[in-house]
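In terms of this note's numbering, the sequence shown is numbered consecutively and its last residue is 362. In this text, a Cβ means the ideal position worked out from N, Cα and C, and glycines have one as well. Notes follow the structure.
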Amino acid sequence: MLGVLRQKMADRQLLLADIAHRKTLTTGKPRLGYIGALGDANLGDEAMFTAAQLLYPEHHLVTLLSSWREAELASKGLSGPDFFQGIILGGGTLISPYWHPAIAHAQQQGCRSWTLGSGIGSSGFGDEASVALDGWAESLKQMSGVGLRGPRSLDTARTLGIGNAELIGDLAAALTPNAPQQPHERRKIVVNIAASAADNRLPQDIPALEAVTNYLRLADQFGDEVIGVAMHRTDGGPTRRVLDAAGLEHVSVQLPSDFAAFAKWVDGAHFTLSVRLHAAILAANLGIPSISLGYRDKNLDFMQSIGQERWHLPLETASLDQVTLAIKAMEVEAVGLREDVHAQMLAYRGQVGAYAARMVAS
């Protein structure tokens with residue numbers, strides 16, 4: 001009983017803080033609600049929110065809270081259609097089971113809504129590889145626009161009967177600079193490895209990672225620069241295990257806090273070997289090609305969207321030889337891929353920007 005009372009008191013304090021914050025937004029710029037996986041220091045998710053802010057500089061972007069808190073705020077005029085000009089279902093693979101209640105509640109409140117470079121399917125390690133999409137067909141049909149990350153998401157939307165679905169690219173494409181980075185004369189390889197919290201397998205237990213380990217060992221011996229990058233704090237362990245298995249105990253694993261810091265650490269890289277989706281996407285913004293060791297369908301969705309599906313290999317099923325051959329080919333072709341990779345992302349920057357403007361103008 002005491003625990004229940006404490007929880008109620010904590011909830012009440014949260015709500016009071018929510019009310020105070022929302023009241024500061026009642027004057028000045030109009031407001032857009034944003035649904036996204038924020039607050040856990042995942043670089044991909046945080047970068048996409050930054051991208052959304054760039055696309056809507058004339059609006060306050062307000063992170064949507066739990067449904068009960070939004071309902072309470074609506075009763076005070078601080079949520080719902082009288083407060084928000086619209087609700088954005090942000091970047092990431094958010095058209096998945098976990099995120100449906102948030103958009104469904106916003107729509108029940110009467111809010112306009114649209115997706116912004118979202119993906120459809122399993123959102124990551126917290127989901128099974130294949131997920132049910134119960135309720136999503138109805139919610140997507142109510143939206144003003146359904147702008148999606150890649151062709152696989154677009155195909156799924158069409159099977160759900162979503163006639164206005166369109167491919168606009170990943171939301172993070174809005175961060176693409178006008179010119180790509182240039183590779184250093186000394187070859188530089190960026191490695192990012194991710195795994196679920198319960199997965200403590202060693203690199204030699206996964207053929208794809210054994211191939212990466214073998215390559216990094218040789219790269220270091222030949223004088224190449226290797227850098228580890230964690231997109232989330234949980235990537236540190238898996239990335240560290242691969243580096244250590246390759247004998248690269250001297251190589252640190254960086255945890256960049258934002259896109260600018262990421263760009264600094266990967267500056268001059270020839271290519272990345274990455275598991276996290278946005279390790280490949282943010283690298284592509286800079287013109288850096290990647291071998292994407294896909295752990296969910298979303299990795300292939302993105303790689304197909306920029307015409308780089310050749311460089312996608314499934315983390316769990318790719319063989320040691322497949323990954324080894326892909327890395328050898330990437331060594332030869334990486335520099336020649338840069339301009340096309342960057343051009344694709346630059347084109348998506350224009351598409352996602354035009355779509356974002358269209359959503360608030362309609």
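{"Check": "Cβ separation of Gly-150 and Asp-301, assumed to be a contact under 8 angstroms, to the nearest whole Å", "Outcome": "3 angstroms"}
{"Check": "Ile-35: first and last residue of the uninterrupted beta strand (DSSP E) it sits in", "Outcome": "31-35"}
{"Check": "Residue range of the unbroken beta strand (DSSP E) whose run includes Ala-343", "Outcome": "Looking at the DSSP string, Ala-343 is not in any beta strand (DSSP E); the run it does join, the alpha helix (DSSP H), is 320-361."}
{"Check": "Beta-bridge pairing of Ser-290 - partner residues as DSSP gives them", "Outcome": "Thr-272"}
{"Check": "Given Asp-220 as reference, the closest of His-232, Arg-233, Ala-198 and Ala-245 once Cα atoms are compared", "Outcome": "Ala-245"}
{"Check": "Length-filtered (3 minimum) beta strand (DSSP E) runs lying within the stretch 204-281", "Outcome": "225-229 and 271-274"}
{"Check": "8 angstroms CB neighbourhood of Phe-262 in its chain, flanking five on each side removed", "Outcome": "Leu-43, Ala-47, Val-229, Pro-256 and Leu-282"}
{"Check": "Extent of the continuous alpha helix (DSSP H) to which Glu-70 belongs", "Outcome": "67-74"}
{"Check": "Runs of alpha helix (DSSP H) wholly within the stretch 78-128 (minimum 4 residues, chain order)", "Outcome": "100-108"}
{"Check": "Alpha-carbon to alpha-carbon, Val-275 and Gly-294", "Outcome": "6 angstroms"}
{"Check": "Exposed unless 16 or more other CB atoms sit within 10 angstroms - verdict on Met-9", "Outcome": "exposed"}
{"Check": "Start-end ranges of the beta strand (DSSP E) lying completely within the stretch 177-206, minimum 3 residues", "Outcome": "188-192"}
{"Check": "Selection from Thr-324, Asp-82, Gly-147 and Asp-18 that minimises the alpha carbon distance to Glu-72", "Outcome": "Asp-18"}
{"Check": "Spatial distance of Phe-83 from Gly-110 (CA atoms)", "Outcome": "11 angstroms"}
{"Check": "Environment of Arg-338 [buried if 16+ CB atoms lie within 10 Å]", "Outcome": "buried"}
{"Check": "Three CB pairs or more closer than 8 angstroms across the stretch 138-156 and the stretch 233-252", "Outcome": "no"}
{"Check": "Exposure label - His-21; buried when at least 16 CB within 10 Å", "Outcome": "exposed"}
{"Check": "Same chain only: Cβ atoms within 8 angstroms of Ser-96, ignoring 5 sequence neighbours per side", "Outcome": "Ile-120, Gly-121, Ser-122, Ser-123, Asp-127, Val-131 and Leu-133"}
{"Check": "Own chain partners of Leu-248 with C-beta closer than 7 angstroms, once the 5 adjacent residues on each side are dropped", "Outcome": "Leu-216, Asp-220 and Val-226"}
{"Check": "Distance, Asn-285 Cα to Ala-251 Cα", "Outcome": "The question names Ala, but residue 251 in the sequence shown is Val. Cα-Cα distance, rounded: 25 angstroms."}
{"Check": "Option nearest Gly-28 by Cα separation, candidates Gln-13, Asp-199 and His-59", "Outcome": "His-59"}
{"Check": "For Val-191, the nearest candidate out of Met-359, Asp-155, Ser-118 and Val-266 (CA to CA)", "Outcome": "Val-266"}
{"Check": "Segment limits, alpha helix (DSSP H) that includes Gly-44", "Outcome": "43-55"}
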